[in-house]
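Asks:
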Amino acid sequence: MNSSARRYRHAVVIGGSMAGLVNARVLADHFEKVTVLDRDERPEGPEPRKGVPQGRHLHVLLEAGKRVLDGLFPGLIRELQREEGIKVVDPCRDAVWQHFGVWKARADSGIEMVLCTRPFLEWNVFQRVKALPNVEFRERVTVEELLTDAARGCVTGVKVKGPGGEETLEADLVVDASGRGTRAPRWLEELGYGKPEEEKVGIDLAYASRLYKRPKGFRDEWKLLVQYPRSPEGWRAGLISSVENDRWIVSVNGYFGDHPPADEAGFLEFARSLPRPGLYDYLQDAEPLTAPVTHKIPTSRWLHYERLPRFPERFIVTGDAVCAYNPIFGQGMTIATLEAKLLGECLSEQERRAPGELRGLADRFRQRVPGIVFVPWFMTSTMDKHYPQATGERSPGLGALQWFFCRLIEQTSVDAAAYHRFLRVLHMRDGMEAMLKPGMALPLLAYAVKSLFVPLPQRANVDRMPTLRA
Ligand SMILES: Cc1cc2nc3c(=O)[nH]c(=O)nc-3n(C[C@H](O)[C@H](O)[C@H](O)COP(=O)(O)OP(=O)(O)OC[C@H]3O[C@@H](n4cnc5c(N)ncnc54)[C@H](O)[C@@H]3O)c2cc1C
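In the working numbering, the protein residues as written are 577 to 1046.
#1: List the endpoints of the continuous alpha helix (DSSP H) containing F981.
#2: Which residue spans inside the region 591-625 form an unbroken beta strand (DSSP E) run of at least 3?
#3: Assuming A784 and A838 make a contact with CB atoms under 8 Å, what is their CB distance in whole Å?
#4: Can you tell me the Cα-Cα spacing of S989 and L1028, whole angstroms?
#5: What residue from V628, R615 and M1011 has the CA that sits closest to H871's CA?
#6: Quick check: the region 973-990 against the region 926-944, are at least 3 beta-carbon pairs closer than 8 Å?
#7: Would A994 be called buried (16 or more neighbouring beta carbons within 10 Å of its own) or exposed?
#8: Taking the alpha helix (DSSP H) that F832 falls in, what are its first and last residues?
#9: Which residues in the same chain as A1046 place their Cβ atom closer than 6 Å to its Cβ, once the five residues preceding and following it in sequence are excluded?
#10: Could you give the DSSP three-state label for Q907: helix, strand or coil?
#11: Which residues bound the beta strand (DSSP E) around P952?
#12: By DSSP's criteria, E746 is part of a beta bridge. Which residues make up the other side?
#13: How would you call V744, buried or exposed, if buried means at least 16 neighbouring beta carbons within 10 angstroms?
#14: What would DSSP say about R583, mapped onto helix, strand or coil?
#15: By Cβ distance, which residues of its chain are closer than 7 Å to P864, with the 5 residues on each side in sequence left out?
#16: By how many angstroms is the C-alpha of T958 removed from the C-alpha of L974?
#17: Let me check you understand the geometry: is the CB of Y881 closer than 8 Å to at least one non-hydrogen atom of ligand 1?
#18: Quick one: measure Cβ to Cβ for C730 and R585, integer angstroms, because I've assumed they're closer than 8 Å.
#19: Among the residues of its own chain, which have a CB less than 7 Å from the CB of F941, if the five just before and after it don't count?
#20: Per DSSP, what kind of secondary structure is L722 in: helix, strand or coil?
#21: Please look up how many angstroms separate the CB atoms of E773 and H606, rounded, as I've assumed it's under 8 Å.
#22: Indicate, with yes or no, if ligand 1 has a heavy atom lying under 8 Å from the CB of I590.
#23: Return yes when at least one heavy atom of ligand 1 lies under 8 Å from the C-beta of V678, else no.
#24: Can you tell me where the alpha helix (DSSP H) holding V1025 begins and where it ends?
#25: From L697, W824, Q803 and A587, pick the residue whose C-alpha is nearest to that of G814; which is it?
#26: What residue range does the beta strand (DSSP E) around K789 cover?
#27: Going by other Cβ atoms of all chains shown within 10 Å of its Cβ, with 16 needed for buried, is P952 buried or exposed?
#28: Could you tell me whether any non-hydrogen atom of ligand 1 is closer than 8 Å to the CB of V717?
#29: Since R795 and S818 should fall inside the 8 Å C-beta cutoff, what is the C-beta to C-beta distance between them, to a whole number of angstroms?
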């Protein structure tokens, strides 16, 4: 968009991580100036940073997220693939995935996902956003308060604390992309809007992760290896992902206080406890490059801003600040990009409806966010609540739903077409309704009936890590 088409003056983004960066990119098309504030100090290169502790752990980018990034930063992923060795893989063909006690089938699906370390992706997106002439980044600046007009109906800026002391920044729009630790619920309550309802699932999950050199003898039989437990009796998991610079990132995790230790021996012992053959066997010849680090995720949490009866004008909450998931299905960054795209759509709509006017934008955005958040939340929370130890409200009929979901997961080990359709939903190419179409629902029903009579080892692949046919 050329600068004359920018109708608004100044947008402030709180947080310069994945959500903040993609939002800044979108806002740069509509605002003369965008200021991204972060309390953290960004390292000199693609390294983990304090403000994003989860960055040291395995991250994947789902297809829907890749598509948005391709749209916002044309050529970025291809360039990183060509020059930096990040992997764009077919999750059906290039991954081996043990889930719920079965190994999923492998075949071409045409779906694309991105494998690289989280700091590497964030760093490269940051470079692209920093190159925009109307975006400014300010570090070591913590946003402490929202500023509003006298009637408290409209956000007019932020109060910040930085190296130079306290300061106020005026803005036409404030976007909160400050992650799980967001202060938005408190700010809204203090301004008289009340706190958003909080939907929570207690999982007491912790990760331990480290980088390895990819072993020379590894024949590239997969790019991603995933071992997830059979709930409710198992709750330990492990993953290996091929990332840039010929390395592997290895994460292991455990729910309900069964946390992997950060010491060398404990990390390996935890890995050894996963079903074999599997992750542990591959670590035998791999040389560790970093010590294990841990990260705790006590809950997944959705803050329902859309349910608040009133909401201030010119204030947007996005990314993990709205919904922070159990990362099992790798959805968070993808959701952040889809929400940024939504903000762009709302702004374009705003310009058509009432040029130069931002009234109504915040309401329209918050009402549409659940349309993005719901499916990923539903998938992870349904599976988490399969554990009796998980806290959180359970709706009537959840047990039946979980029973079918578990059958679907088993079915993906013997029915490549079912797995393909499941992946299309997971990667957000299709909506949840795709699962109800006869092509998916009828084979699932047939499998579900079979499961009542045929034992698991005879109806699903429980023991063979699938290889690709040449
Ligand atoms: C262990 C783990 C594994 C994950 N794996 C995946 C995965 O495979 N795929 C995936 O897509 N997602 C994954 N996620 C989720 C993903 O990390 C987040 O969804 C993603 O980082 C988007 O978050 P965000 O930008 O909203 O917030 P964050 O990344 O948490 O960033 C918040 C930013 O705001 C800054 N900040 C906070 N408060 C203030 C303030 N008051 N003033 C100024 N700055 C502030 C922080 O310094 C930080 O830079 C995983 C998460 C975890 C915990």
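Every residue gets a Cβ at the ideal spot worked out from N, C-alpha and C, and that includes glycine. Only a predicted model underlies this, so the values are computations on that prediction, with no experimental measurement involved.
Replies: So, to answer that:
#1: Position 405 of the sequence shown holds residue 981. Segment L974 to Q987, the alpha helix (DSSP H) holding F981.
#2: 607-613
#3: Here the question's residue 784 lines up with position 208 in the sequence shown. Here the question's residue 838 lines up with position 262 in the sequence shown. Going by Cβ atoms, the distance from A784 to A838 rounds to 6 Å, so yes, they are a contact pair.
#4: Sequence index remark: in the sequence shown, residue 989 carries index 413 (1-based). Sequence index remark: in the sequence shown, residue 1028 carries index 452 (1-based). Using only the alpha carbons, I get a separation of about 17 Å.
#5: Translated into the one-based positions of the sequence shown, residue 871 becomes position 295. Looking at the Cα atoms, V628 is the closest of the given residues.
#6: no
#7: As a first step, residue 994 must be located in the sequence shown, where it is residue number 418. Classification of A994: buried, given that the 10 Å Cβ count is 16 or more.
#8: The residue you call residue 832 lines up with position 256 of the sequence shown. Per DSSP, F832 belongs to no alpha helix (DSSP H) and is neither H nor E.
#9: Against the sequence shown, residue 1046 aligns to sequence position 470. Note that A1046 scores 45 on pLDDT, short of 50, meaning its location in the model is unreliable; the coordinates nonetheless yield the value given after this. There are no such residues.
#10: Translated into positions along the sequence shown, residue 907 becomes position 331. Q907: coil per DSSP, three-state reduction.
#11: Residue numbering aside, residue 952 sits at position 376 when the sequence shown is read from its first letter. Run containing P952: none in the beta strand (DSSP E); it sits in the alpha helix (DSSP H), P946 to D960.
#12: The residue labelled residue 746 in the question sits at position 170 within the sequence shown. Paired residue(s): G733.
#13: Locating residue 744 in the sequence shown gives position 168, counting from the first residue. Reading the sequence as shown, one finds Thr at residue 744 and not Val. Answer is exposed; the Cβ neighbour count stays below 16.
#14: Stepping through the sequence shown from its first residue, residue 583 is reached at position 7. Coil at R583, not helix or strand.
#15: Counted from its first residue, the sequence shown places residue 864 at position 288. Excluding sequence neighbours, P864 sits near R786 and Y788.
#16: Working through the sequence shown from its first residue, we reach residue 974 at position 398. Working through the sequence shown from its first residue, we reach residue 958 at position 382. In a straight line, the C-alpha of L974 is about 7 Å away from that of T958.
#17: The sequence position of residue 881 within the sequence shown is 305, counting from 1. Outside the cutoff, so no.
#18: Mapped onto the sequence shown, residue 730 falls at position 154. Mapped onto the sequence shown, residue 585 falls at position 9. About 15 Å separates the two Cβ atoms, so there is no contact after all.
#19: By one-based count along the sequence shown, residue 941 stands at place 365. The answer, listed in chain order, is I892, L918, L919 and C922.
#20: Position 146 of the sequence shown, counted from the first residue, corresponds to residue 722. In this structure, L722 counts as strand in the three-state DSSP scheme.
#21: Counted from its first residue, the sequence shown places residue 773 at position 197. Counted from its first residue, the sequence shown places residue 606 at position 30. Not a contact, Cβ separation roughly 30 Å.
#22: Indexing the sequence shown from 1 puts residue 590 at position 14. Yes, ligand 1 has a heavy atom inside 8 Å of this Cβ.
#23: The count along the sequence shown starts at 1 and reaches residue 678 at position 102. No; taking the cut-off as 8 Å, the Cβ of V678 has no heavy atom of ligand 1 nearer than that.
#24: Residue 1025 sits at position 449 when you count from the first residue of the sequence shown. From DSSP, the alpha helix (DSSP H) with V1025 extends over P1014 to S1027.
#25: Looking up residue 814 in the sequence shown gives position 238. Ranking the options by Cα distance to G814, first place goes to Q803.
#26: In the sequence shown, the residue the question calls residue 789 occupies position 213. From DSSP, the beta strand (DSSP E) with K789 extends over E773 to K789.
#27: Residue mapping note: residue 952 aligns to position 376 of the sequence shown, counting from 1. It is buried - the Cβ of P952 has at least 16 other Cβ atoms within 10 Å.
#28: Residue mapping note: residue 717 aligns to position 141 of the sequence shown, counting from 1. Within the cutoff, so yes.
#29: Locating residue 795 in the sequence shown gives position 219, counting from the first residue. Locating residue 818 in the sequence shown gives position 242, counting from the first residue. That belief does not hold up - the Cβ atoms of R795 and S818 are roughly 12 Å apart, past 8 Å.
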